[in-house]
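Visitor: Have a look at this one.
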């Protein structure tokens, strides 16, 4: 199945950060990421690889305060780019579900490219949101990333942590599960005729 190019290129600048992002939903997982937040670079690289999305990100922000603004703004732009690249969503599978382990950690993600922004996020252990992963990335930013992507991408996203002890492993399992579920949902399905909704629009 072939059709319009599912790509997007977005620039966003505020007093807190500047972001340049390009993506191709029909890529092979190639990425070039530099957000000035190393652990987030690692997570976005994993997202690109496991969702088969080509992704380039260049970002800079007030990381001397903390990583929050830069991570938030990159996530907003990523969600916006996903929404733009999906176009009218004709021919997509729409739904995706993935269960991903990373050593002792296990996470599940379910994605519906629904046009209705919603996030359900649960299961992270007590204290995870306060943990500094790599000394700079606060655990609370994991949920915040999914929230920004879901709301700006008009996606329904459910993420559950089913087990885990190491904060790095837990976070990475969550991002990889989301990537694998999104990979299924965005895929073009030759059996789908038009928009996969009884309403005729997503």
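In my numbering, the protein residues as written are 6 to 207.
Cβ atoms here follow ideal geometry from the backbone N, Cα and C, with glycine treated the same way.
Measure the C-alpha to C-alpha separation of residue 51 and residue 117 and round it to an integer number of angstroms.
Guide: Cα to Cα, the separation comes out at about 20 Å.
Visitor: Using the three-state DSSP reduction, which class does residue 66 fall into: helix, strand or coil?
Guide: Residue 66: strand per DSSP, three-state reduction.
Visitor: Tell me whether the beta-carbon of residue 166 lies closer than 8 Å to the beta-carbon of residue 129.
Guide: Yes; because the gap between Cβ atoms is below 8 Å, this pair is in contact.
Visitor: Just to confirm before moving on: does the CB-CB distance between residue 155 and residue 124 stay below 8 Å?
Guide: Contact flag set, yes.
Visitor: Leaving out five residues before and five after residue 13 in sequence, what residues of the same chain have Cβ atoms less than 6 Å from its Cβ?
Guide: So the qualifying residues of the chain are 28, 86, 89 and 90.
Visitor: To the nearest angstrom, how far is it from the Cα of residue 195 to the Cα of residue 97?
Guide: Each residue's alpha carbon lies about 9 Å from the other.
Visitor: So, for residue 74: in the same chain, excluding its five sequence neighbours on each side, which residues have a beta-carbon less than 7 Å away from its beta-carbon?
Guide: Answer for residue 74: 21, 22, 66 and 67, listed in chain order.
Visitor: Considering only C-alpha positions, which residue in the set 25, 99 and 77 is nearest to residue 186?
Guide: Closest option to residue 186, Cα to Cα, is 99.
Visitor: Note down, in chain order, each residue of its chain lying with its Cβ closer than 6 Å to the Cβ of residue 39, except the 5 sequence neighbours on either side.
Guide: Around residue 39: 63.
Visitor: Can you give the Cα-Cα distance for residue 157 and residue 111, rounded to whole angstroms?
Guide: Rounded to whole angstroms, residue 157 to residue 111 spans 26 Å at the Cα level.
Visitor: Count the other CB atoms within 10 Å of the CB of residue 113; is the residue buried (16 or more) or exposed (fewer)?
Guide: So residue 113 counts as buried.
Visitor: Does the beta-carbon of residue 206 have 16 or more other beta-carbons within 10 angstroms, so that it is buried, or is it exposed?
Guide: When all chains shown are included, residue 206 counts as exposed.
Visitor: Tell me the DSSP bridge mates of residue 101?
Guide: Paired residues: 116.
Visitor: Opposite residue 142 in the DSSP bridges: which residues?
Guide: Paired residue(s): 138.
Visitor: Which two residues bound the contiguous alpha helix (DSSP H) that contains residue 168?
Guide: Here residue 168 belongs to no alpha helix (DSSP H); instead the beta strand (DSSP E) covers 161-168.
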